[in-house]
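Enquirer:
Residue numbers (my numbering): 4 to 420.
1) Do three or more CB pairs link the stretch 134 to 151 to the stretch 65 to 76 at distances below 8 Å?
2) Drop a sphere of 10 angstroms on the beta-carbon of residue 141, count the other beta-carbons inside from all chains shown, and report buried for 16 or more, exposed for fewer.
3) Helix or strand or just coil, what does DSSP make of residue 324?
4) Distance, Cα to Cα, residue 134 vs residue 98?
5) List in chain order: all unbroken alpha helix (DSSP H) runs of 4+ residues lying wholly within the stretch 358 to 385.
6) Secondary structure at residue 405, three-state DSSP: helix, strand or coil?
7) Which one of 62, 49 and 57 has the shortest CA to CA distance from residue 279?
8) Could you tell me which residues DSSP puts in a beta bridge with residue 205?
9) In three-state terms, what does DSSP make of residue 316?
10) Apart from the five residues on each side of it in sequence, which residues of its chain come closer than 6 Å, Cβ to Cβ, to residue 20?
11) In the structure shown, what three-state DSSP assignment does residue 421 receive?
12) According to DSSP, simplified to helix, strand and coil, what is residue 171?
13) According to DSSP, simplified to helix, strand and coil, what is residue 59?
14) Leaving out the 5 sequence neighbours to the left and right, which residues in its chain are closer than 7 Å to residue 416 when beta-carbon positions are compared?
15) Which residue wins for smallest C-alpha separation from residue 22, given the options 271, 151, 95 and 320?
16) For the stretch 79 to 103, which segments carrying the beta strand (DSSP E) assignment without a break, of at least 3 residues, lie completely within its bounds, in sequence order?
17) Which two residues bound the contiguous alpha helix (DSSP H) that contains residue 265?
18) By the DSSP assignment, the beta strand (DSSP E) with residue 164 in it spans what residues?
19) DSSP on residue 159, reduced to helix/strand/coil?
20) Between which two residues does the alpha helix (DSSP H) carrying residue 35 extend?
As structure tokens, then:
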């Protein structure tokens with residue numbers, strides 16, 4: 004006998020399958036620019052096998068929107084089986100085989116009657132190795148999702164730009180084949196839709212453009228909706244300022260000064276707002292005069308915010324942590340980070356290490372690295388893809404040195420990082 008778990012291990016469910024929860028929930032009255040857009044409404048209400056490709060610039064809330072679409076089941080006007088995967092730029096979450104394992108697990112949890120019909124022969128033939136066979140996983144998914152008894156199926160793929168290029172190309176090629184086959188011979192009862200989000204990269208655009216000639220592929224360019232997105236960011240900004248003012252009992256002139264300062268910043272993004280308000284929260288223990296000075300020097304861009312966070316990373320080993328996280332092939336656990344930082348040149352066994360423990364290391368990481376890192380399910384991540392780009396592209400961290408640090412730690416024979 005074999006089980007649905009054959010399609011993917013469950014011990015890292017949050018990291019591999021539920022990474023949507025890494026992103027915050029949407030604030031009421033936001034994402035409306037997309038949800039009420041005629042293009043999305045048309046895609047949502049059609050019963051065919053359409054593909055919708057949403058693009059938007061970094062920090063504009065694509066992944067928050069994707070989470071809302073999944074959690075609030077906003078992708079269809081009728082009952083639907085909803086599958087999803089949120090790509091992330093690390094070895095565990097940047098490949099299509101892992102994505103399809105997650106999607107198949109979600110699908111067969113909803114349609115266990117189709118599991119033996121469409122997956123049993125392949126599992127019997129390939130066994131556990133099937134988890135690495137993208138082509139076979141894709142074949143199973145298409146066969147099962149287009150089975151007449153499956154009904155309507157919607158697959159949300161978030162942050163396709165964070166999928167490694169070779170895998171991304173394979174996925175788009177398979178989408179081309181699927182839609183080209185449909186255009187030549189309809190599949191009775193098939194109602195499979197895809198919604199894909201990414202940054203507006205021209206390379207991805209060229210690949211998707213080949214689909215538009217024969218199949219119902221739609222692009223909704225969020226970068227062309229910047230005014231509406233900015234208005235929604237204003238809604239979130241006002242709500243967050245009021246929340247901080249109430250929680251910390253800010254004087255009215257301080258609250259007004261904060262809102263006014265934030266409102267004057269052009270080209271605001273959700274990421275910038277998050278980073279900026281965290282700095283405000285950190286300064287709330289100061290005197291009113293010092294707090295007003297903090298408000299008047301708030302960063303005006305994400306890059307400025309990262310520069311200020313980096314300037315505060317002065318604790319011993321803070322740079323080492325960022326180096327390790329930046330070049331590690333997968334998200335490391337708190338325990339692994341704890342061990343890596345405790346390793347000294349003379350360390351020869353685990354007993355030699357002076358460990359902080361998971362909770363102690365988590366608190367240390369927050370103090371040492373600020374908003375650069377986030378901890379989800381005891382795994383340590385950079386807060387956003389732009390943080391990785393900032394640290395590497397702006398030469399804040401030299402990748403050669405970072406790889407050298409990781410190599411030295413991993414070859415200490417105390418822990419395989």
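C-beta: ideal position from N, C-alpha, C; glycine also.
Expert: Result, derived from the coordinates:
1) Below 8 Å, too few C-beta pairs join the stretch 134 to 151 and the stretch 65 to 76 to call them touching: fewer than three.
2) Buried: at least 16 other Cβ atoms inside 10 Å.
3) DSSP, reduced to helix, strand and coil, places residue 324 within a helical segment of the structure shown.
4) 11 Å
5) 361 to 372
6) Confidence is the limiting factor: at residue 405 the pLDDT is only 46, short of 50, which leaves the residue's position unreliable and the question unanswerable from this model.
7) 62
8) Answer is none; residue 205 lacks a bridge partner.
9) DSSP places residue 316 in coil when its eight states are reduced to three.
10) For residue 20, the predicted structure reports a pLDDT of 48, less than 50, and the residue's modelled location is therefore unreliable. A value from the coordinates is still provided. Contacts found: 105.
11) The structure shown does not extend to residue 421, since the chain is modelled only from 4 through 420, so no value can be given for it.
12) helix
13) In the structure shown, the three-state DSSP call for residue 59 is coil.
14) Its pLDDT being 44, under 50, residue 416 is placed unreliably in this model, and the value from its coordinates should be taken loosely. The answer is none, since no qualifying residue turns up.
15) 95
16) If we require 3 residues or more, the beta strand (DSSP E) runs fully inside the stretch 79 to 103 come out as 84 to 89.
17) 255 to 266
18) First-last for residue 164: undefined, no H or E at that position.
19) strand
20) First-last of the alpha helix (DSSP H) with residue 35: 35 to 38.
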